[in-house]
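First to last, the protein sequences are chains H and E.
Numbered per my numbering, the first sequence finishes at 174, counting up by one with no gaps.
Numbered per my numbering, the second sequence finishes at 138, counting up by one with no gaps.
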Amino acid sequence: MKLVCDTDALIKLNKAGLLRLLVQRTEILVGHEVWHEAVDAGKAHGYPDAFEIERLVSPLKRKRLHVPAQARALLQSRQLGAGEQEALKLYFSEGAEAIVSDDRGFLHLLEAHGLPYLTPTAILVWLAEHRVLRPLSRGYQALEKLKPYIRPGHYEETLKDLQKLERSKP
Amino acid sequence: MSKKAYPLRIPEGLLELAEIKTKEERLDKATALRQWLYIGAEEYVLRLLSAGRLTISQAAKLLELSIYDIQQLAEEHGVEIGSTTAQYRKARQTASRLL
C-alpha cells in the first residue's frame with residue numbers, strides 16, 4: 005500500500021507517535037519538497053519532530069515524475085503550495101492509494117476531484133480498530149497529542165470513535 | 040524576508056503611536072510600522088488558512104516561516120486549522136475501504 009504524505013500530516017502523525025507504526029505497514033511516499041519542509045526546515049529551527057521524521061522516512065530518490073495530463077490540469081486549477089503540488093504529482097506518478105493530509109483547503113480540492121484522502125486522525129482510529137495501536141489507551145494518548153493541532157469538533161468526533169471502539173471491545 | 044519599497048499614506052494617529060513605540064523599544068519608525076504590518080498579515084493568513092482558502096504550505100511561504108512555525112502560530116493565536124469534521128468522516132470511509 006502506497007500513501008503520499010504532505011508535510012503537515014507527516015508532522016502530526018509523528019507528534020502522535022503514529023508515523024512509526026504506519027511505516028511498518030505501508031509505503032510512505034515523501035517528495036523532496038515535503039522532505040525539505042518537514043526535515044531540513046524543521047531541523048534548521050530545532051524542531052524535534054524533524055529529527056524523528058528523518059529517522060523514519062526517506063525522500064523519493066527519483067526527481068523526475070511522470071505527471072499525466074489530468075493531474076496537470078488539476079495542478080493549474082488552484083494555487084497550491086509547493087508541498088501540496090508535489091504530493092499530487094507523487095500520487096499520480098507513483099500510483100498511490102491515497103494522500104494523507106490535514107489541510108482543509110487541500111482536502112477540499114482532493115474531494116472536489118474525487119481523489120481519496122486520509123487524515124492523521126482517521127489513521128489513528130484505523131490503527132486502533134485493527135489493534136496495531138494497543139492497548140486502546142495509547143489511542144487516547146495519541147489523540148491528546150493531536151488535540152492542540154486539530155479542530156475541537158474533529159477532536160470530539162475522533163474521541164467518540166475511540167469510545168465506540170472501547171465499548172465494542174470483546 | 041525580502042523587501043520592496045511601496046508608497047503608503049499612513050494615518051497621523053498611527054504615526055504618533057509608532058513614535059511612542061520607537062522610543063519605548065528603541066526601534067526606527069519604519070521597523071515599528073513593519074512589525075504591525077506583519078502582525079496583521081499573520082492574523083490574516085491564519086484566518087484564510089482556517090477557512091481553507093490557503094493551504095499550510097502557501098501560508099508558510101507567504102510569511103517565510105516553516106510549517107512547524109505555522110502550526111505553532113495557530114495554536115498560540117487560538118486559530119482552528121486542520122481538516123473539518125466532515126473531512127474526517129470522509130477519511131474514515133476511505134480508511135475502511137483502503138487500509
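Quick reminder that beta carbons are idealized off the backbone N, C-alpha and C, glycines included.
Please read these numbers as outputs of a predicted model, since none were measured by experiment.
Proximal residues to residue i (C-beta, below 8 Å), its chain only, five neighbours per side dropped
{"i": "H/Glu31", "result": "Met5, Lys6 and Leu7"}
{"i": "E/Leu66", "result": "Lys60 and Gln74"}
{"i": "E/Ala99", "result": "Ser105, Ile106, Asp108 and Ile109"}
{"i": "H/Gly143", "result": "Leu128, Val129, Leu131, Ala132, Leu137, Leu166 and Leu169"}
{"i": "H/Ala146", "result": "Ala20, Gly21, Leu22, Leu128 and Leu137"}
{"i": "H/Leu25", "result": "Leu131, Val136 and Leu137"}
{"i": "H/Tyr121", "result": "Ala102, Ile103, Val104, Ser105, Leu111, Leu114 and Glu115"}
{"i": "H/Arg29", "result": "Met5 and Val136"}
Backbone CA spacing between residue i and residue j [nearest angstrom]
{"i": "H/Leu60", "j": "H/Leu33", "result": "12 Å"}
{"i": "E/Ser122", "j": "H/Glu56", "result": "24 Å"}
{"i": "H/Leu111", "j": "H/Leu92", "result": "11 Å"}
{"i": "E/Leu137", "j": "E/Ala130", "result": "10 Å"}
{"i": "E/His116", "j": "E/Gly79", "result": "12 Å"}
{"i": "H/Gly46", "j": "H/Glu37", "result": "13 Å"}
{"i": "H/Glu160", "j": "H/Glu170", "result": "15 Å"}
{"i": "H/Tyr95", "j": "H/Leu69", "result": "10 Å"}
{"i": "E/Tyr92", "j": "H/Leu84", "result": "Sequence check: residue 92 of chain E is Arg here, not Tyr. Their Cα atoms are separated by approximately 10 Å."}
{"i": "H/Ile154", "j": "H/Leu166", "result": "16 Å"}
{"i": "E/Leu101", "j": "H/Pro156", "result": "26 Å"}
{"i": "E/Leu88", "j": "H/Gln74", "result": "26 Å"}
{"i": "E/Ile49", "j": "E/Val118", "result": "29 Å"}
{"i": "E/Ile120", "j": "E/Gln111", "result": "11 Å"}
{"i": "E/Ala44", "j": "E/Ala57", "result": "19 Å"}
Cutoff 6 Å; reference residue i; Cβ partners in own chain excluding five residues on either side
{"i": "H/Ala13", "result": "Val104, Ser105, Asp106 and Pro124"}
{"i": "H/Leu17", "result": "Leu23 and Pro124"}
{"i": "H/Ala54", "result": "Val43, Gly46 and Lys47"}
Buried versus exposed call for residue i [16 or more other C-beta atoms within 10 Å across all chains shown]
{"i": "H/Pro139", "result": "exposed"}
{"i": "H/Gly35", "result": "buried"}
{"i": "E/Ile95", "result": "buried"}
{"i": "E/Thr70", "result": "exposed"}
{"i": "H/Ser97", "result": "buried"}
{"i": "H/Gly87", "result": "buried"}
{"i": "H/Gly109", "result": "buried"}
{"i": "H/Glu41", "result": "buried"}
{"i": "H/Ala100", "result": "buried"}
Limits of the unbroken alpha helix (DSSP H) element including residue i
{"i": "H/Glu115", "result": "Arg108 to Ala116"}
{"i": "E/Ile106", "result": "Ile106 to His116"}
{"i": "H/Ile90", "result": "For the sequence presented, residue 90 of chain H should be read as Glu rather than Ile. Its alpha helix (DSSP H) spans residues Ala86 to Glu98."}
{"i": "E/Leu88", "result": "Lys68 to Ser89"}
Where the beta strand (DSSP E) through residue i begins and ends
{"i": "H/Ala102", "result": "Ala102 to Val104"}
{"i": "H/Leu169", "result": "Counting along the chain, H/Leu169 falls outside any beta strand (DSSP E), though it belongs to the alpha helix (DSSP H) covering Pro156 to Ser172."}
Residue-level contact to chain H via CB, residue i, 8 Å cutoff
{"i": "E/Thr70", "result": "no"}
{"i": "E/Gly117", "result": "no"}
{"i": "E/Arg86", "result": "no"}
{"i": "E/Arg92", "result": "yes"}
{"i": "E/Ser41", "result": "no"}
Minimum Cβ-Cβ distance from residue i to chain E less than 8 Å
{"i": "H/Arg59", "result": "no"}
{"i": "H/Phe55", "result": "no"}
{"i": "H/Val43", "result": "no"}
{"i": "H/His49", "result": "yes"}
{"i": "H/Phe96", "result": "no"}
{"i": "H/Gly143", "result": "no"}
{"i": "H/Val129", "result": "yes"}
{"i": "H/Leu166", "result": "no"}
{"i": "H/His70", "result": "no"}
{"i": "H/Ile188", "result": "In the structure as shown, chain H starts at 5 and stops at 174, and residue 188 of chain H therefore has no counterpart that could be examined."}
{"i": "H/Gln28", "result": "no"}
{"i": "H/Ala75", "result": "no"}
{"i": "H/Gln83", "result": "yes"}
{"i": "H/Arg155", "result": "yes"}
Contacting residues, own chain, Cβ-Cβ under 7 Å from residue i (five flanking each side not counted)
{"i": "H/Leu163", "result": "Leu147"}
{"i": "H/Val27", "result": "Leu60 and Val61"}
{"i": "H/His117", "result": "Leu78"}
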